[in-house]
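S.K.: Below you will find the structure I want to go over with you.
Number of protein chains: 2
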Amino acid sequence: MNRVFNFCAGPAALPTAVLERAGLELADWHGKGLSIMEMSHRSADFVAVAEKAEQDLRDLMAIPDNYKVLFMQGGASSQFAMIPLNLANGSGKVDQIVTGQWSKKALAEGRRFADVRVIANTEDNHFTSAPTQSELALNADADYVHYCPNETIGGVAFDYIPATGDVPLVADLSSAILSDTLDVSRFGMIYAGAQKNIGPAGLCVVIIRDDLLGKAQAATPTMFDYKVCADHGSMYNTPPTYSWYLAGLVFEWLKEQGGVAAIAAANHRKASHLYQFIDGHDFYANPVAINNRSIMNVPFTLADSRLDKLFLQQSEAAGLLNLAGHRSVGGMRASIYNAVSEVAVVALTDFMTDFARRHG
Amino acid sequence: MNRVFNFCAGPAALPTAVLERAGLELADWHGKGLSIMEMSHRSADFVAVAEKAEQDLRDLMAIPDNYKVLFMQGGASSQFAMIPLNLANGSGKVDQIVTGQWSKKALAEGRRFADVRVIANTEDNHFTSAPTQSELALNADADYVHYCPNETIGGVAFDYIPATGDVPLVADLSSAILSDTLDVSRFGMIYAGAQKNIGPAGLCVVIIRDDLLGKAQAATPTMFDYKVCADHGSMYNTPPTYSWYLAGLVFEWLKEQGGVAAIAAANHRKASHLYQFIDGHDFYANPVAINNRSIMNVPFTLADSRLDKLFLQQSEAAGLLNLAGHRSVGGMRASIYNAVSEVAVVALTDFMTDFARRHG
Numbered sequence: 001m002n003r004v005f006n007f008c009a010g011p012a013a014l015p016t017a018v019l020e021r022a023g024l025e026l027a028d029w030h031g032k033g034l035s036i037m038e039m040s041h042r043s044a045d046f047v048a049v050a051e052k053a054e055q056d057l058r059d060l061m062a063i064p065d066n067y068k069v070l071f072m073q074g075g076a077s078s079q080f081a082m083i084p085l086n087l088a089n090g091s092g093k094v095d096q097i098v099t100g101q102w103s104k105k106a107l108a109e110g111r112r113f114a115d116v117r118v119i120a121n122t123e124d125n126h127f128t129s130a131p132t133q134s135e136l137a138l139n140a141d142a143d144y145v146h147y148c149p150n151e152t153i154g155g156v157a158f159d160y161i162p163a164t165g166d167v168p169l170v171a172d173l174s175s176a177i178l179s180d181t182l183d184v185s186r187f188g189m190i191y192a193g194a195q196k197n198i199g200p201a202g203l204c205v206v207i208i209r210d211d212l213l214g215k216a217q218a219a220t221p222t223m224f225d226y227k228v229c230a231d232h233g234s235m236y237n238t239p240p241t242y243s244w245y246l247a248g249l250v251f252e253w254l255k256e257q258g259g260v261a262a263i264a265a266a267n268h269r270k271a272s273h274l275y276q277f278i279d280g281h282d283f284y285a286n287p288v289a290i291n292n293r294s295i296m297n298v299p300f301t302l303a304d305s306r307l308d309k310l311f312l313q314q315s316e317a318a319g320l321l322n323l324a325g326h327r328s329v330g331g332m333r334a335s336i337y338n339a340v341s342e343v344a345v346v347a348l349t350d351f352m353t354d355f356a357r358r359h360g
Numbered sequence: 001m002n003r004v005f006n007f008c009a010g011p012a013a014l015p016t017a018v019l020e021r022a023g024l025e026l027a028d029w030h031g032k033g034l035s036i037m038e039m040s041h042r043s044a045d046f047v048a049v050a051e052k053a054e055q056d057l058r059d060l061m062a063i064p065d066n067y068k069v070l071f072m073q074g075g076a077s078s079q080f081a082m083i084p085l086n087l088a089n090g091s092g093k094v095d096q097i098v099t100g101q102w103s104k105k106a107l108a109e110g111r112r113f114a115d116v117r118v119i120a121n122t123e124d125n126h127f128t129s130a131p132t133q134s135e136l137a138l139n140a141d142a143d144y145v146h147y148c149p150n151e152t153i154g155g156v157a158f159d160y161i162p163a164t165g166d167v168p169l170v171a172d173l174s175s176a177i178l179s180d181t182l183d184v185s186r187f188g189m190i191y192a193g194a195q196k197n198i199g200p201a202g203l204c205v206v207i208i209r210d211d212l213l214g215k216a217q218a219a220t221p222t223m224f225d226y227k228v229c230a231d232h233g234s235m236y237n238t239p240p241t242y243s244w245y246l247a248g249l250v251f252e253w254l255k256e257q258g259g260v261a262a263i264a265a266a267n268h269r270k271a272s273h274l275y276q277f278i279d280g281h282d283f284y285a286n287p288v289a290i291n292n293r294s295i296m297n298v299p300f301t302l303a304d305s306r307l308d309k310l311f312l313q314q315s316e317a318a319g320l321l322n323l324a325g326h327r328s329v330g331g332m333r334a335s336i337y338n339a340v341s342e343v344a345v346v347a348l349t350d351f352m353t354d355f356a357r358r359h360g
């Protein structure tokens, strides 16, 4: 089987072992004579698959019992409306930290359903850092604080979990979930579009503390109500069963790798290797503050941007795919999610060495 | 490969040829070295897959140019809110026809966002028929008329398209899309959850007339706005790319079968065979009015309901799966969607013959 090194920001690389297994059992799951995607979501076989996926995720992230795990339709963009509709139910006021394109999008949608105040914003430095705890102008009357711990486009990550007192902290963890150890109990809610570290696009995992359920605004569509979803075990309607199953295979694979602590160690090795390489070569640069560098998304620029196109052509020819930066910022970006191996990252720096030698 | 006969109402049987092809190319699509689900939705390869799927659907259904085709997240349950949010924008009044569980659900959700009037309701006869055109108490001031042409649970279908004058007609075609020829121009909007005749759950196809776009209520989440979806080619956010690809494979398969006219002929043969069998045996019964019998979902009862459990056990042992009626109505139901072959339906009636002989 031909498999390239895929550095796509999302939909992103999935473990080869998961894809091979899924391919083999696609038309005949476990000898049952039908595909998992042809089964009723209420069948015993599928319910067992769904429950195991949830339990494996609970094990991997050590999710406390007073948190519900929801497997919802859509991605983070739907959550940007769901969150204020469900959680801006007291003062109607929300605190938002802005550190990149995704928190800006959450802000714009949030303002349609709540009074959102920006309590820190790093746009002035082109989103190359995250604010420190002391720079957060937190309001005690906020219904929640929303932020994005890892900005996929800018490659900017928080190196701490904001302390927000009694105000629930809500995190868009789409591009960082399961990449590193995390104390879930520090959050009111965590959510993540699946298409980076979980599975295919079209599924969104929500982890939400029990006491935040059941207070949705009147204008909330039923399918956007977390309590309805929780009360029905994420099966109020037909869930995206095949995506849920694939997420379960990824969770199993993660356990086989040794769990989150083991994959986190590998992720830190990958990121360190790549950042050290970039910092050690004048031909390449990363603009992000050292302590805010993402271990999942590594943007970098070439000394001469006129070489960008050539870099992308030659890297693709070398089997290193999807290294273009986001269309909004340009340059390069290597997304090195859980399924991107250390071998892939070394292959990338080997190519970068060679390219710099030839063109530097 | 072991493949049973699968009569599930949804998620439902898909063509074996489609599943085998998807399995073979799951981890390495067309020799590109990655899965289609690992590709950026903005990559040239995926965009070509997405555009071909839309064009094939347009060809199959002869969709006029003044209709947009949207590939949206979720299923019909999300549409039950989206439709009033987008289309109840004039008088705020809506006409709804109720012929079963799904139109009841649409009614309940619709009433949260619009003034919905029930203009016909067949619950008095236990949803065993559809109203005639003259029984529809249509209102000229309605923003739209909503109905479900084929009720999956009751197996009740309209044998005509309601004439609604200048009022747009909106149809939940989840369990009947692509099953029979249809004049799309008679509708303002058609929508269908994918998990019956299109592909896996988590995708919903919306076909909507241009002039109905752009008038959403202020409280509409951005991801629920048809115009936003249309303006971005269903890629405002990351769409469910793998489901979209599978839908495209199903559309290709349908074209190979000879298109909708050919599959419709097969569907009518399948349904006729099964209904004639039921009508010809006192041991079995179907309660639906003859001209409202669905060609996709065929509920039936045994003369003695105490034999239901045995029937289900023995049919499953014979490789005939998912024949239980919906939990809300009991009895049996054979869903005979496009991917359920004529061979499967004959195998079912052969089993039913044998079962009646042994227990009748």
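If you're matching them up, the sequences are chains A and B in order.
Counting from 1, one number per residue, gives the positions in the first sequence under the UniProt record's numbering.
Counting from 1, one number per residue, gives the positions in the second sequence under the UniProt record's numbering.
The C-beta atom is built at its ideal place from N, Cα and C for all residues, glycine as well.
Please list the partners that M223 (chain A) has in chain B, where partner means a Cβ-to-Cβ separation under 7 Å.
M.R.: What M223 (chain A) touches in chain B: G74, S77, S78 and A81.
S.K.: Go through its chain and collect everything with a Cβ distance to E20 (chain B)'s Cβ below 6 Å, but skip five positions before and after it.
M.R.: Cβ neighbours of E20 (chain B) beyond the five flanking positions: none.
S.K.: Can you tell me the Cβ-Cβ gap for A88 (chain B) and D143 (chain B), rounded? I've got them flagged as a contact below 8 Å.
M.R.: That pair is a contact at about 5 Å.
S.K.: Would you please verify whether the beta carbon of S129 (chain A) is less than 7 Å from any beta carbon of chain B?
M.R.: S129 (chain A) does not count as touching chain B.
S.K.: Return no unless some Cβ of chain B is closer than 7 Å to the Cβ of S243 (chain A).
M.R.: Yes, its Cβ sits closer than 7 Å to a Cβ of chain B.
S.K.: Which residues bound the beta strand (DSSP E) around F355 (chain B)?
M.R.: Element bounds for F355 (chain B): not the beta strand (DSSP E) but the alpha helix (DSSP H), E342 to H359.
S.K.: When you compare the CB of E256 (chain B) with every CB in chain A, is at least one pair closer than 7 Å?
M.R.: Taking Cβ atoms only, chain A never reaches closer than 7 Å to E256 (chain B), which makes this a no.
S.K.: If we ignore side chains and look at the alpha-carbon of each, how far apart do M235 (chain A) and A271 (chain A) end up?
M.R.: Distance between the alpha carbons of M235 (chain A) and A271 (chain A): 38 Å.
S.K.: Checking contacts by CB at 7 Å: is G280 (chain A) closer than that to chain B?
M.R.: Chain B, which has no Cβ nearer than 7 Å to the Cβ of G280 (chain A), makes this no.
S.K.: Per DSSP, what kind of secondary structure is D211 (chain A) in: helix, strand or coil?
M.R.: Helix, per DSSP.
S.K.: On the premise that P162 (chain A) lies in contact with A114 (chain A), defined as a C-beta separation below 8 Å, what is that separation, rounded to the nearest angstrom?
M.R.: That pair is no contact at about 19 Å.
S.K.: Using Cβ-Cβ distances below 7 Å, what residues of the stretch 40–62 of chain A are close to chain B?
M.R.: Those would be S40 and H41, in chain order.
S.K.: What residues are listed by DSSP as bridge partners for R333 (chain B)?
M.R.: In the DSSP output, where bridge partners are listed per residue, R333 (chain B) has B:P299.
S.K.: How is the alpha helix (DSSP H) around H126 (chain A) delimited, first residue to last?
M.R.: Segment: none, H126 (chain A) is in no alpha helix (DSSP H) and carries neither H nor E.
S.K.: List the residues of chain B whose Cβ lies closer than 7 Å to the Cβ of R111 (chain A), in chain order.
M.R.: By Cβ distance, chain B contributes nothing, its closest Cβ being about 11 Å from R111 (chain A), past 7 Å.
S.K.: Could you list which residues in chain B have their beta carbon closer than 9 Å to that of G330 (chain A), in chain order?
M.R.: What G330 (chain A) touches in chain B: nothing, since even the nearest Cβ is about 15 Å away.
S.K.: Looking at chain A, which residues of the stretch 4–23 of chain B have a Cβ within less than 8 Å of any of its Cβ atoms?
M.R.: Of all residues in the stretch 4–23 of chain B, V4, N6, C8, A9, G10, P11, A12, A13, L14, T16, L19, E20, A22 and G23 have a Cβ within less than 8 Å of some Cβ in chain A.
S.K.: Looking at S179 (chain A) and N267 (chain A), is the spacing between their C-beta atoms short of 7 Å?
M.R.: The answer is yes: Cβ separation under 7 Å.
S.K.: With a threshold of 8 Å, are at least 3 pairs of Cβ atoms found where one atom belongs to the stretch 226–244 of chain B and the other to the stretch 98–109 of chain B?
M.R.: The stretch 226–244 of chain B is not in contact with the stretch 98–109 of chain B.
S.K.: So D28 (chain A) contacts chain D; which residues on that side make the cut at Cβ distance below 8 Å?
M.R.: Among the chains of the structure shown, chain D does not appear; the protein chains present are A and B.
S.K.: From the DSSP output, read off the bridge partner residues of E151 (chain A).
M.R.: Answer is A:V156, bridged to E151 (chain A).
S.K.: Beta-carbon of S35 (chain A) versus every beta-carbon of chain B: anything under 7 Å?
M.R.: Yes, S35 (chain A) lies at the interface with chain B (some Cβ there is under 7 Å from its Cβ).
S.K.: CB-CB under 8 Å to H273 (chain A), same chain, minus the five flanking residues each way: which ones, in chain order?
M.R.: These residues qualify, in order along the chain: E342, V345, V346 and T349.
S.K.: Would a check of beta-carbon distances place N291 (chain B) closer than 7 Å to chain A?
M.R.: No, because no Cβ of chain A sits closer than 7 Å to the Cβ of N291 (chain B).
S.K.: So, for N322 (chain B): in the same chain, excluding its five sequence neighbours on each side, which residues have a beta-carbon less than 7 Å away from its beta-carbon?
M.R.: Closer than 7 Å at Cβ, skipping near neighbours: N6, F7 and C8.
S.K.: What residues from chain B crowd round G259 (chain A), counting only those whose CB sits closer than 8 Å?
M.R.: The premise fails here: G259 (chain A) is roughly 23 Å from chain B at the closest Cβ pair, so nothing lies under 8 Å.
S.K.: Report buried or exposed for N66 (chain B), applying the criterion of at least 16 other Cβ atoms within 10 angstroms of its Cβ.
M.R.: Label assigned to N66 (chain B): exposed.
S.K.: Leaving out the 5 sequence neighbours to the left and right, which residues in its chain are closer than 8 Å to N292 (chain B) when beta-carbon positions are compared?
M.R.: The answer, listed in chain order, is T128, S129, A130, V156, A157, F158 and D159.
S.K.: Could you check if T132 (chain A) is buried or exposed, using at least 16 other CB atoms within 10 Å of its CB as the buried criterion?
M.R.: Answer is exposed; the Cβ neighbour count stays below 16.
S.K.: Looking at C-alpha atoms only, which residue of B:H30, B:G199, B:I63 and B:A176 is the closest neighbour of S35 (chain A)?
M.R.: For S35 (chain A), the nearest C-alpha among the options comes from B:G199.
S.K.: If you compare alpha carbons, which of B:L138, B:L246, B:T122 and B:S134 is closest to V116 (chain B)?
M.R.: Measuring from the Cα of V116 (chain B), the nearest candidate turns out to be B:L138.
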